[in-house]
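Shown next, in structure tokens, is the structure this report addresses.
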Amino acid sequence: MLMLLSVAVVAAGLLRIAAQRPVAHAAGVLVDSAPRQTDPVDPTPLRHGDYLLQPLADFTIEARVLSREDYRFDEGASLSPTDLALGWGRMSDSAVIDKLDIRQSVRFFTWHWRDAQALAPAEVVRSATNLHAIPADAAIARALARVRVGEIVELRGRLVEASRADGWHWRSSLSRDDSGAGACELMLVEAIERR
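Have a look at this one:
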């Protein structure tokens, strides 16, 4: 019985590792289009658990997942448990990505060239973002939990400003040209497709 349990634990561990393995792609731009942002069709604030979400823009992004980081203990974890570093245009091309060291930590996405610079820094900033994902419901939360590095995802929903009764707040960027603190998108993800 102990042997059977051990085999089951090892098999479950191997399946989990396989499910998290990055998706590889040949060189070439995988996503041509930039994110689409428009004025919100419905600007009515939404209640989301302990949070009030004020829609700032309707937002659709198709991008390659460059990195992901899950959060459990920071102040925003109960609202946004996952950050996705996303790239489009030449930041979806393995020929570029393979020359970068990409990391996520404390709600930031950073990148450094391993050797020769392949893109101007301004193009990297315009073609990649760190997105704080707020799952609209349990099904979206499960789908986000399965997203793998290297996958192409399409996320549809709204960029928001979140607030709580205790005065805490978090506001999405509305620009693709900014970087540093406040430059990330805070997105209520209402639909997701993974490819």
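Take the sequence shown: its letters are residues -26 to -1, 1 to 169, numbered as in mature numbering (1 follows the signal peptide of the UniProt record, and there is no 0). Each residue gets a CB set at the ideal place from its N, CA and C atoms; glycine is no exception. Remember, it's a predicted structure, so these values are computed and weren't measured experimentally.
Assumed close pair residue i, residue j - CB separation to whole angstroms, cut-off 8 Å
| i | j | result |
| --- | --- | --- |
| residue 164 | residue -4 | The Cβ separation is near 24 Å, so there is no contact. |
| residue 162 | residue 132 | 5 Å |
| residue 60 | residue 102 | 7 Å |
| residue 68 | residue 1 | 5 Å |
| residue 108 | residue 40 | Wrong, their Cβ atoms sit about 20 Å apart, outside the cutoff. |
| residue 150 | residue 51 | Actually they do not touch by this definition, with Cβ atoms about 26 Å apart. |
| residue 70 | residue 92 | 5 Å |
Backbone secondary structure at residue i - three-state DSSP
| i | result |
| --- | --- |
| residue -21 | No answer about residue -21 holds up, because its pLDDT of 48 lies below 50 and its placement is not dependable. |
| residue 137 | strand |
| residue 148 | coil |
| residue 17 | coil |
| residue -2 | coil |
| residue 29 | strand |
| residue 131 | strand |
| residue 169 | coil |
| residue 4 | coil |
Local Cβ density within 10 Å of residue i, reported as buried at 16 or more and exposed below that
| i | result |
| --- | --- |
| residue -17 | Unreliable positioning characterises residue -17 in this predicted model, as indicated by a pLDDT of 44, which lies under 50. A coordinate reading is not provided. |
| residue 148 | exposed |
| residue 18 | exposed |
| residue 57 | buried |
| residue 167 | exposed |
| residue 155 | exposed |
| residue 95 | exposed |
| residue 47 | exposed |
Residues near residue i in its chain [Cβ-Cβ closer than 7 Å; skip 5 each side]
| i | result |
| --- | --- |
| residue 49 | 142 |
| residue 24 | 138 |
| residue 84 | 77 |
Any non-hydrogen atom of the ligand NAD within 7 Å of residue i CB
| i | result |
| --- | --- |
| residue 168 | As far as ligands go, the structure on display features none, and thus does not contain the ligand NAD. |
Close beta carbons around residue i, own chain, < 6 Å, minus the five adjacent residues each side
| i | result |
| --- | --- |
| residue 34 | 10, 130 |
| residue 128 | 36, 167 |
Checklist entry - Curious, which full-length alpha helix (DSSP H) runs of at least 4 residues does the segment 97 to 126 contain? => result 112 to 119
Next on the checklist: Extract the residue ranges of the alpha helix (DSSP H) inside the segment 33 to 97, only unbroken runs of 4 or more that lie entirely within it.
Outcome noted: 68 to 71
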